[in-house]
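A quick write-up on the structure given underneath.
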Amino acid sequence: MSDDKAGVYPVPAEWAHAKIDAAGYREMYRRSVEDPHGFWTEHGRRIDWIKPFTRTGDWSFDAEHFGIAWFADGTLNVSANCLDRHLATRGEQVAILWEPDDPAGEGRSLTYRALHDEVCRFANALKSLGAGKGSRITLYMPMIPETTVAMLACARIGAIHSVVFAGFSPEALAGRIQDCDSTIVITADEGRRGGKTVPLRANVDEALTHCNSVEHVIVVRHTGGGGAPKEDGREHDYAALVAAASPDCPPEEMAAEDPLFILYTSGSTGKPKGVLHTSGGYLVWAAMTHEIVFDYRAPEVYWCAADVGWVTGHSYIVYGPLANGATSLMFEGVPNWPDASRVWQVVDKHRVTIFYGAPTMLRALMREGDQWVARTERSSLRLLGSVGEPINPEAWEWYHKVVGGGRCPIVDTWWQTETGGHMITPLPGATALKPGSATLPFFGVVPELVDAEGKLLEGAAEGNLVLATSWPGQMRTVWGDHARFFQTYFSAYPGKYFTGDGCRRDADGYYWITGRVDDVINVSGHRMGTAEVESALVAHPKVAEAAVVGMPHAVKGQGIYAYVTLNAGETGDEALRAELVRWVRHEIGPIAAPDAVQFAPGLPKTRSGKIMRRILRKIAEGEVGSLGDTSTLADPKVVDDLVANRVPAA
Ligand code: PRX
1 MSDDKAGVYP VPAEWAHAKI DAAGYREMYR RSVEDPHGFW TEHGRRIDWI KPFTRTGDWS
61 FDAEHFGIAW FADGTLNVSA NCLDRHLATR GEQVAILWEP DDPAGEGRSL TYRALHDEVC
121 RFANALKSLG AGKGSRITLY MPMIPETTVA MLACARIGAI HSVVFAGFSP EALAGRIQDC
181 DSTIVITADE GRRGGKTVPL RANVDEALTH CNSVEHVIVV RHTGGGGAPK EDGREHDYAA
241 LVAAASPDCP PEEMAAEDPL FILYTSGSTG KPKGVLHTSG GYLVWAAMTH EIVFDYRAPE
301 VYWCAADVGW VTGHSYIVYG PLANGATSLM FEGVPNWPDA SRVWQVVDKH RVTIFYGAPT
361 MLRALMREGD QWVARTERSS LRLLGSVGEP INPEAWEWYH KVVGGGRCPI VDTWWQTETG
421 GHMITPLPGA TALKPGSATL PFFGVVPELV DAEGKLLEGA AEGNLVLATS WPGQMRTVWG
481 DHARFFQTYF SAYPGKYFTG DGCRRDADGY YWITGRVDDV INVSGHRMGT AEVESALVAH
541 PKVAEAAVVG MPHAVKGQGI YAYVTLNAGE TGDEALRAEL VRWVRHEIGP IAAPDAVQFA
601 PGLPKTRSGK IMRRILRKIA EGEVGSLGDT STLADPKVVD DLVANRVPAA
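Counting along the sequence shown from 1, when you hit position 149 you're at 149 in UniProt numbering, and nothing is skipped either side.
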């Protein structure tokens, strides 16, 4: 798909003024890897420290001395960095610019001063409910300003937030509350998306029937639907708490390595991992990448169109932009409602200069035709960003020409929940672009390609992407399971962090991410572990066994293809197929709903009983002519049946 012989887009002349040009990038990169202590001593000072650090990176990826710390002897408060330090210079500047779902609805904006006031009050309210340093607080919230307030209020008192994407089911929410024993859940009565409401509080109620750690539930009254909070000692009204609380809340002094948040993400096993990020290194990374990769200049209006329930929302709606004193636009709605022009209308309405979105959204809008874009101006845009999955060159060209009018560089940013922020990405004033390539490493990032045996590949090559050194934004552990952290990321290729991605490096040293090489599927830029979907399927009373793989999907990038073996006596018909899709939606959430369900009398297994996923992937991809060697299967005939009964995507 990706081809480095396709067009190269040099840095446009208007970008000659950028903070970092090509020579600047090369020099800074060299210094970042040759003198990391000097480099990070300088850049660690981008944020305000209460007690300055003297140490920078203290880390080892080796089993014996395994550990990761950055700026470890410094202390700070993340919320003070995002709020207090801007009050003197930009207190009246808008911090959060909120665009509601309904284009005719009333928007809201919070200045840095107003945000500071509300965060302090809500932080005091959380304290009055017993929260403090190290408490875990789960957020199950729509895209509204109160979500940012809640995150920063946690940071202010040293509580650890765990934001659970509001599209997850009550079951999935319950698992994430239980895993970190949250004592407080913050939610809203309902969310709004594309003209529909989402019953958040009702979902929390259902989840809480399985969770006994939770002592308090705080409800933001957003739509007014679903009744008032009960005020029964457990349920509280957000607005009442804020109104009653004092606006004076000095920030808690936190060590650089104190946890800031947990964010659950799918991996190769059934249970999502609680990715833990800490305070100092994470904030340095989020702030530095936000400023440099987006060439951000306050007070421009910057829009990251992700949901705050994913890491992109954490780092690039909340922490990075607010640390940099940005005006960060927060959008409650969806890109194609009321029509396929909405995103670009919002750009025009708020004079957005930097827009950051996912390829899946671009592909969906591209299908609707250029006329939806053409009826808007988009003259305020100067930079476009892409994140979450490989961007196919066709979508890239469309983004560049149709959306950006050929004027705006595109930063295709490769990174992960685990990395905290951008890792391989162009810098708009420094990097010539190749559509489909995430291009070159950010400062301090040392990507390497290895083959399956771990042999280092030099020059132009394709292999597994590993990172040879630590960086400040790196995750520090899996919540409650440090052994799993080491096992997942550092055991496959000793001494290196394994990303789980395949990647090609071309003759110019540009990196082209080819997608996951593990059992993770990237659906619409969201990670879904195949094992998680499989365990949901086998929980259905009629299902004996299930195997899930990715399949190509024109809009989502990858879709979910499920092979299901039923219990004896059950019949696989259309009704059961629809029921299983509904079942998975209910168990995990709509993003996990299979796009194709194939009933299979048997799955291809080796004689030792291991499912041969390679074969299942090929069949799902429609590449039935290249199944490879099937002679080692216990029963090679099952493959014929699978091929004969392959189903098209829904
Ligand atoms: O496979 C890569 C893909 O998304 C994975 C990380 O997913 P998640 O932790 O949910 O974070 C998404 C937002 C950062 C990666 O392992 N990915 C992310 N960005 C890109 C990408 N693949 C190709 N190009 C990208 N720009």
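Here a beta-carbon is modelled for each residue, glycine too, at the ideal position from N, C-alpha and C.
Worksheet item: DSSP three-state call for D412: helix, strand or coil?
Response: Taking the sequence shown and counting its residues from 1, one reaches residue 412 at position 412. The answer is strand: DSSP assigns D412 an E or B state.
Worksheet entry | Proximal residues to R505 (C-beta, below 7 angstroms), its chain only, five neighbours per side dropped | Counting from one through the sequence shown, the residue named residue 505 turns up at place 505. Excluding residues within five positions, the ones whose Cβ falls inside 7 angstroms are L449, A460, A461 and Y511.
Worksheet item: Taking DSSP as the reference, what is the three-state secondary structure of residue 692?
Response: For residue 692 there is no data in the structure shown, the boundaries of the chain being 1 and 650.
Worksheet item: Would you call T530 buried or exposed, if buried means 16 or more other Cβ atoms sit within 10 Å of its Cβ?
Response: Within the sequence shown, numbered from 1, the residue matching residue 530 stands at position 530. Buried, because 16 or more other Cβ atoms sit within 10 Å of the Cβ of T530.
Practice prompt. Quickly, what does DSSP pair residue 688 with across the bridge? List them, please.
Written response: Residue 688 cannot be examined here, being either before or after the span of the chain that is shown, 1 to 650.
Worksheet item: Could you check where the beta strand (DSSP E) with D73 kicks off and where it finishes?
Response: Counted from its first residue, the sequence shown places residue 73 at position 73. No beta strand (DSSP E) contains D73, which DSSP labels as neither H nor E.
Fill in: Burial state of Q487, where buried means 16 or more other Cβ atoms lie within 10 Å
Here residue 487 corresponds to residue number 487 of the sequence shown, with the count starting at 1. Exposed, because fewer than 16 other Cβ atoms sit within 10 Å of the Cβ of Q487.
Worksheet entry | the stretch 88 to 96 touching the stretch 199 to 208, judged by at least three CB pairs closer than 8 angstroms | no
Item to complete: Tell me whether V8 is buried or exposed, calling it buried when 16 or more other Cβ atoms sit within 10 Å of its Cβ.
Response: For the purposes of this step, residue 8 is identified with residue 8 of the sequence shown, where counting begins at 1. Answer is exposed; the Cβ neighbour count stays below 16.
Worksheet item: Is it a yes or a no for the stretch 244 to 252 touching the stretch 111 to 125, going by three-plus beta-carbon pairs under 8 angstroms?
Response: yes
Item to complete: Report whether the distance from the Cβ of H526 to the nearest heavy atom of ligand 1 is below 7 angstroms.
Response: Here residue 526 refers to the residue found at position 526 when the sequence shown is read from its first residue. Because some heavy atom of ligand 1 lies under 7 angstroms away, the Cβ of H526 counts as near it: yes.
Fill in: Where the beta strand (DSSP E) through N212 begins and ends
In the sequence shown, residue 212 corresponds to position 212, counting from 1. Per DSSP, N212 belongs to no beta strand (DSSP E) and is neither H nor E.
Worksheet item: If you check the beta carbons only, do L76 and D48 fall under 8 angstroms apart?
Response: Reading the sequence shown from its first residue, position 76 is the one you call residue 76. Reading the sequence shown from its first residue, position 48 is the one you call residue 48. Against a cut-off of 8 angstroms, the Cβ pair of D48 and L76 comes out as a contact.
Worksheet entry | the stretch 390 to 406 contacting the stretch 464 to 476, beta-carbon criterion three pairs below 8 angstroms | no
Worksheet item: When burial is assigned at 16 or more other CB atoms within 10 Å of the CB, is S341 buried or exposed?
Response: Residue numbering aside, residue 341 sits at position 341 when the sequence shown is read from its first letter. By the neighbour-count rule (16 or more Cβ atoms within 10 Å), S341 is buried.
Discussion item. Counting C-beta neighbours from all protein chains within 10 Å, is the total for Q65 16 or more, i.e. buried, or is it exposed?
Written reply: On the sequence shown, position 65 is the one that residue 65 refers to. Before going on, a small fix: residue 65 reads as His here, not Gln. Exposed is the call here.
Worksheet item: Going by Cα to Cα distance, which pick from V466, D629, T571 and R582 is closest to F61?
Response: Locating residue 61 in the sequence shown gives position 61, counting from the first residue. Checked all of V466, D629, T571 and R582; the closest Cα to F61 is V466.
Worksheet item: Candidates N81, I186 and C408: which alpha carbon is nearest A323's?
Response: In the sequence shown, counting from the first residue as 1, residue 323 sits at position 323. Closest by alpha carbon: N81.
Discussion item. Suppose contacts are defined by Cβ-Cβ distances below 8 angstroms. Is E332 in contact with E99 by that definition?
Written reply: Locating residue 332 in the sequence shown gives position 332, counting from the first residue. Locating residue 99 in the sequence shown gives position 99, counting from the first residue. Going by C-beta atoms, E332 is nearer than 8 angstroms to E99.
Discussion item. Which of the three DSSP states is assigned to G557 in this structure?
Written reply: Locating residue 557 in the sequence shown gives position 557, counting from the first residue. Note: G557 maps to strand in three-state DSSP.
Worksheet item: How about the stretch 355 to 373 and the stretch 519 to 535: do they share at least three Cβ pairs that are nearer than 8 angstroms?
Response: yes
Worksheet item: Quick one: is the Cβ of R516 within less than 7 angstroms of any heavy atom of ligand 1?
Response: On the sequence shown, residue 516 is found 516 positions in, with the first residue counted as 1. Yes.
Fill in: ligand 1 heavy atom lying under 7 angstroms from the CB of T269
Along the sequence shown, read from residue 1 onward, the residue named residue 269 stands at position 269. Not so, every heavy atom of ligand 1 lies at least 7 angstroms from the Cβ.
Discussion item. Given the structure, does V647 come close to ligand 1, in the sense that its CB is under 7 angstroms from one of the ligand's heavy atoms?
Written reply: The residue you call residue 647 lines up with position 647 of the sequence shown. Checking every heavy atom of ligand 1 against the Cβ of V647, none is found closer than 7 angstroms.
Worksheet entry | For E462, the residue or residues it bridges with in DSSP | Working through the sequence shown from its first residue, we reach residue 462 at position 462. Paired residue(s): R504.
Worksheet item: Roughly how many angstroms separate the alpha carbons of A575 and V647, rounded to a whole number?
Response: On the sequence shown, position 575 is the one that residue 575 refers to. On the sequence shown, position 647 is the one that residue 647 refers to. Approximately 15 angstroms, taken between the alpha carbons.
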